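**Student:**
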Amino acid sequence: MSLLLRNAEVLFNDPVSVGLYHMGLRCPEIAARIQPGQFLMVRVLETLDPLLRRPFAVHRVYSNDPPTSFEILYRVVGRGTRILAEVLPRTSLSLLGPLGSGFRPPDQDGFMLMIAGGIGIAPLPFLAETLVESGLRGPYVLWFGGKSAGDLVCVEHFQNLGFAVELATEDGSAGRKGLVTQHLEKWMSRQAERPTMVYSCGPHPMQRQVAELVRQLGVKSQLSMEALMACGVGTCLSCSLRCRPPDRGQDLYYANVCQEGPVLLGEDIVWE
Amino acid sequence: MHNDESITLAVDLGPLRLKNPVMVASGTFGYGQEYATLVPPERLGAVVVKGISLEPRAGNPPPRIWETCGGMLNSIGLQNVGLRNFLQEKLPWLRPLPVPVVVNLFGNTVEEYGELAAKLNGQDGVNALEINISCPNVKAGGMVFGSDPRMVFRVVSAVRSRTSLPVITKLTPNVTDITITARAAEDAGTDILSLINTVSGMAVDVRNRRPRLANVIGGLSGPAIKPIALRMVWQVVQVAKVPVIGLGGIMTTEDALEFLIVGASAIQVGTANFVNPLVTLEIIAGLETYLRAQGFADIKEVIGTLELSERAAGTF
Ligand SMILES: Cc1cc2nc3c(=O)[nH]c(=O)nc-3n(C[C@H](O)[C@H](O)[C@H](O)COP(=O)(O)OP(=O)(O)OC[C@H]3O[C@@H](n4cnc5c(N)ncnc54)[C@H](O)[C@@H]3O)c2cc1C
Ligand SMILES: Cc1cc2nc3c(=O)[nH]c(=O)nc-3n(C[C@H](O)[C@H](O)[C@H](O)COP(=O)(O)O)c2cc1C
Ligand code: FES
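What follows is the structure, encoded as structure tokens:
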């Protein structure tokens, strides 16, 4: 698969909630090729500081035929994202992508469970739309947790796609109070059916608990993981995550999250 | 106006001839294939692959990098596929390239360096060796080979005596006087010197008072280290008899020219590949534009032409 380095035009860059922005980008070649769960390395500023590109998932691809533009959803957490939030429409941004291996469809139709923690929601709408459009009938459920109500964006979009949405917030301002993972286990035990596939994206501790839960249930899972990245294409070996080696042996093995991931099978990750 | 034919970028590095002076630095361009659709490796002066060792290495635990002001710290821990996988899986793709392929290598002991050199000697598709001496000597309590001139001499001798390929010794900047280790490598028979490797550094997360890198200490690269690298290249070219490859923080044509002007015969681009994968091609084009604009026909007219006033002592 060939790598693209393109200047995309910023179509809009607006806050959707406190500290959360969505940015529309026009780049027909990337829009036509990118798959759910894949990401882009974005150069937020053409100067030497901040130096490195920043990784972002694609949130939605606009379904023109063929698609020409897409959207990223991001949280302002540090220097790079602060600069990104100041970018004006019509600016051109350098993108490298599509990168990594994304979400795969389930082996068969059935109960599809998506789990998102905070900004972990970012790649899921694109996945949800793709699965629904491919004719898989579900049922579909999204479990979505955040610190407070403001984090729980694009819920309606999932509902429109036919998802049942369950919410949780740490401060109790929306949905159940507490962490998603605190409620998930009990909720699962009440479901008649087991998920065909669990798709999850969120902070590392959440992902770890999701992996543990699906292991107990004997369910398959695909987890989108984060790592610090310099190149995004597999040359620098900085984005390592401890995983089972490809030969399934016992050797110490680090996967490149940018290539083998960001979406990895829950069972392949070694939690430490 | 000159046409392309009238401008020559070719340089000679002792036994190694490059069609242009722009190489990629080890560890920043994988095994050549990763960026190939953006940067056809045949357009580069040479390709230097990720450092390899006799056995595969898993590398350090994460986090392995941290971005700093105009640079990045890394402690990859020399992760690599090992010699056997390199020869079986990576070399066949590199072999047909019409430009030199340089294999960067390292060992845990002097003997391992020698053994690796012997096993790479005569491998079709390997055109030169670059010795990474910026790694710990397991038999000397983990002291870095490259910081001790006697160890530099022994490592380079071990490689030199086991190969007929051109040998490049890559110097570490983490020394008091880099001309001493440069001379040690020369005395041991290196054909070429390359410098610099990363500058030792660290960073701390004040919220939890933990080091940013799991390995605590890492190597700084990128534009932040360029002045250090340039100064060291300048010092080395004044004492070295062999050609020098300059690197450290090169992001633009102008950066590359600074190294060439102080006396480097070629340059390598590292961290900049991550930021702008097309940077090497842009520098190659930029050098041509510069030569044309300055009325030169040959890049060799620029190399080592730093203009000094008579009073400049060149010391600090
Ligand atoms: C595959 C992938 C997809 C991502 N998708 C999204 C997304 O869709 N929306 C979104 O808001 N965020 C996403 N992130 C996280 C996002 O990359 C970081 O929040 C961002 O890089 C922070 O940059 P900064 O300069 O603002 O923060 P700083 O903390 O100042 O950044 C310092 C350094 O750490 C890196 N870094 C900091 N936090 C993270 C993190 N969580 N993950 C990886 N690198 C980090 C930065 O890239 C930079 O190199 C994704 C991360 C990965 C690995
Ligand atoms: C992620 C990373 C990996 C590296 N791996 C190697 C390596 O395997 N062998 C080596 O000799 N140098 C290695 N280096 C050092 C570079 O080749 C180069 O000397 C250094 O980064 C300075 O150049 P730059 O500022 O242009 O990056 C590595 C550097 C980085 C950033
Ligand atoms: S980010 Fe460079 S190898 Fe993954």
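Taken in sequence, the protein lines are chains A and B. At position 210 of the first sequence the residue is numbered 210 (the numbering used here), and the sequence of numbers has no breaks. At position 194 of the second sequence the residue is numbered 1194 (the numbering used here), and the sequence of numbers has no breaks. For glycine and all other residues, C-beta sits at the position ideal for the given N, C-alpha and C. For clarity, every value in this text was computed on a predicted model and none was experimentally measured.
If the cut is a Cβ gap below 8 Å, which residues of chain A does Tyr1035(B) touch?
**Tutor:** Position 35 of the second sequence, counted from the start, is the residue given in the question as residue 1035(B). By Cβ distance, chain A contributes Leu3, Val233 and Thr235.
**Student:** Is there a Cβ of chain B sitting closer than 8 Å to that of Asp247(A), yes or no?
**Tutor:** As a working note, residue 247(A) is residue 247 in the first sequence. Closer than 8 Å: no.
**Student:** Return yes when at least one heavy atom of ligand 4 lies under 7 Å from the C-beta of Ser1075(B), else no.
**Tutor:** This structure does not include ligand 4; its bound ligands are ligand 1, ligand 2 and ligand 3.
**Student:** Where DSSP assigns a beta bridge to Ala255(A), which residues make up the other side?
**Tutor:** Locating residue 255(A) in the first sequence gives position 255, where the first residue counts as 1. In the DSSP output, where bridge partners are listed per residue, Ala255(A) has Leu241(A).
**Student:** If we call anything under 8 Å between Cβ atoms a contact, is Asn1132(B) one with Phe1153(B)?
**Tutor:** As a first step, residue 1132(B) must be located in the second sequence, where it is residue number 132. As a first step, residue 1153(B) must be located in the second sequence, where it is residue number 153. No, Cβ-Cβ distance for Asn1132(B) and Phe1153(B) is not below 8 Å.
**Student:** Tell me the rounded alpha-carbon separation between Ser69(A) and Lys1300(B).
**Tutor:** Walking along the first sequence from the start, residue 69(A) turns up at place 69. Walking along the second sequence from the start, residue 1300(B) turns up at place 300. Cα to Cα, the separation comes out at about 47 Å.
**Student:** Return yes when the C-beta of Ala276(A) is under 7 Å from any heavy atom of ligand 2, and no when it is not.
**Tutor:** Nothing in the structure corresponds to residue 276(A), since chain A is present only between 1 and 272.
**Student:** Please go through the same chain and pick out, in chain order, the residues whose beta-carbon is closer than 8 Å to the beta-carbon of Ser1053(B), but skip the five residues on each side of it.
**Tutor:** Position 53 of the second sequence, counting from 1, holds the residue named residue 1053(B). Within the same chain, Ser1053(B) has close Cβ partners Leu1078, Asn1080, Gly1082, Leu1083, Leu1105, Phe1106, Gly1107, Asn1108, Glu1112 and Leu1116.
**Student:** Any beta carbon of chain B sitting closer than 8 Å to that of Ser101(A)?
**Tutor:** Counting from 1 along the first sequence, the entry for residue 101(A) is found at position 101. Closer than 8 Å: no.
**Student:** Can you find a C-beta in chain A that's less than 8 Å from the C-beta of Val1049(B)?
**Tutor:** Position 49 of the second sequence holds residue 1049(B). No, Val1049(B) does not count as interfacial toward chain A.
**Student:** At the 8 Å Cβ level, is Pro1223(B) part of the contact set with chain A, yes or no?
**Tutor:** On the second sequence, residue 1223(B) is found 223 positions in, with the first residue counted as 1. Chain A, which has a Cβ nearer than 8 Å to the Cβ of Pro1223(B), makes this yes.
**Student:** Here's the rule I'm using: 16 or more other beta-carbon atoms within 10 Å means buried, otherwise exposed. How should Lys1139(B) be labelled?
**Tutor:** For the purposes of this step, residue 1139(B) is taken as the residue at position 139 of the second sequence. It is exposed - the Cβ of Lys1139(B) has fewer than 16 other Cβ atoms within 10 Å.
**Student:** What residues in the stretch 73-91 of chain A have a beta carbon less than 8 Å from any beta carbon of chain B?
**Tutor:** none
**Student:** If you measure from the beta carbon of His1002(B) to each beta carbon in chain A, is any gap under 8 Å?
**Tutor:** For the purposes of this step, residue 1002(B) is identified with residue 2 of the second sequence, where counting begins at 1. Because the pLDDT of His1002(B) is 47, which lies under 50, any placement of that residue in the model is unreliable, and the number read from its coordinates should be weighed accordingly. His1002(B) does not count as touching chain A.
**Student:** In the DSSP assignment, what residue or residues form a beta bridge with Thr1169(B)?
**Tutor:** The residue you call residue 1169(B) lines up with position 169 of the second sequence. Bridge partners of Thr1169(B): Ile1131(B) and Leu1193(B).
**Student:** Verify the CB distance criterion: does Ala1254(B) have a CB-CB separation below 8 Å to chain A?
**Tutor:** Residue mapping note: residue 1254(B) aligns to position 254 of the second sequence, counting from 1. Ala is not the amino acid found at residue 1254(B); the sequence shown has Glu there. Taking Cβ atoms only, chain A never reaches closer than 8 Å to Glu1254(B), which makes this a no.
**Student:** Quick check: is the beta carbon of Arg26(A) nearer than 8 Å to any beta carbon in chain B?
**Tutor:** Counting from 1 along the first sequence, the entry for residue 26(A) is found at position 26. Against chain B, the CB of Arg26(A) has no partner CB under 8 Å away; the residue lies outside that interface.
**Student:** Is any heavy atom in ligand 1 found nearer than 7 Å to the beta carbon of Phe278(A)?
**Tutor:** Because residue 278(A) is not part of the residues shown, which for chain A are 1 to 272, the question remains open.
**Student:** Give the interface partners of Asn1208(B) over in chain A, defined as CB-CB distance under 9 Å, in chain order.
**Tutor:** As a first step, residue 1208(B) is located in the second sequence; it is residue number 208 there, counting from the start. Under a criterion of Cβ atoms nearer than 9 Å, no residue of chain A is adjacent to Asn1208(B); the nearest Cβ is some 15 Å distant.
**Student:** Please tell me whether Pro36(A) has its Cβ less than 8 Å away from any Cβ of chain B.
**Tutor:** Taking the first residue of the first sequence as 1, we reach residue 36(A) at position 36. Not closer than 8 Å to any Cβ of chain B, the Cβ of Pro36(A) fails to qualify, so no.
**Student:** Under 8 Å, CB to CB, which of the residues in the stretch 1063-1081 of chain B have a partner in chain A?
**Tutor:** Pro1063, Arg1064, Ile1065, Trp1066, Glu1067, Cys1069, Gly1070, Gly1071, Met1072, Asn1074, Ile1076 and Gln1079
**Student:** Tell me which residues share the same chain as Val61(A) and place their Cβ nearer than 7 Å to its Cβ, disregarding the 5 neighbours each side in the sequence.
**Tutor:** In the first sequence, counting from the first residue as 1, residue 61(A) sits at position 61. Here the set comprises Ala31, Ile34, Pro67, Phe70 and Phe126.
**Student:** When you compare only the Cα positions, how much space is there between Arg82(A) and Val76(A)?
**Tutor:** Start at 1 with the first residue of the first sequence, and residue 82(A) comes out as number 82. Start at 1 with the first residue of the first sequence, and residue 76(A) comes out as number 76. Between Arg82(A) and Val76(A), the C-alpha separation is close to 6 Å.
**Student:** Using a beta-carbon distance cut-off of less than 8 Å, what residues from the stretch 241-270 of chain A approach chain B?
**Tutor:** Within the stretch 241-270 of chain A, contact with chain B at the beta-carbon level (separation under 8 Å) is assigned to Leu241, Arg242, Asp251, Leu252, Tyr253 and Tyr254.
**Student:** In the DSSP assignment, what are the bridge partners of Gln1268(B)?
**Tutor:** Along the second sequence, one-based indexing puts residue 1268(B) at 268. For Gln1268(B), which the question treats as bridged, DSSP gives the partners Met1023(B) and Leu1247(B).
**Student:** Are the beta-carbon atoms of Val1244(B) and Ser1265(B) separated by less than 8 Å?
**Tutor:** Taking the second sequence and counting its residues from 1, the one referred to as residue 1244(B) is at position 244. Taking the second sequence and counting its residues from 1, the one referred to as residue 1265(B) is at position 265. In this structure, Ser1265(B) lies closer than 8 Å to Val1244(B) by Cβ.
**Student:** Got a sec, what are the start and stop residues for the alpha helix (DSSP H) Gln1238(B) sits in?
**Tutor:** Position 238 of the second sequence, counted from the start, is the residue given in the question as residue 1238(B). That run of the alpha helix (DSSP H) goes Lys1226 to Val1239.
**Student:** For Met1023(B), return the contacting residues in chain A, with the cut-off set at a CB-CB distance below 9 Å.
**Tutor:** For the purposes of this step, residue 1023(B) is identified with residue 23 of the second sequence, where counting begins at 1. Those within 9 Å of Met1023(B) in chain A number zero; the least Cβ separation is about 15 Å.
**Student:** Please classify Pro55(A) as buried or exposed, where buried requires at least 16 neighbouring CB atoms within 10 angstroms.
**Tutor:** Here residue 55(A) refers to the residue found at position 55 when the first sequence is read from its first residue. Classification of Pro55(A): buried, given that the 10 Å Cβ count is 16 or more.
**Student:** Which first and last residues belong to the alpha helix (DSSP H) in which Arg33(A) is found?
**Tutor:** Translated into positions along the first sequence, residue 33(A) becomes position 33. Counting along the chain, the alpha helix (DSSP H) containing Arg33(A) begins and ends at Pro28 to Arg33.
**Student:** Any beta carbon from chain B within less than 8 Å of Ser173(A)'s own beta carbon?
**Tutor:** What you label residue 173(A) is simply residue 173 of the first sequence in a count that begins at 1. No, because no Cβ of chain B sits closer than 8 Å to the Cβ of Ser173(A).
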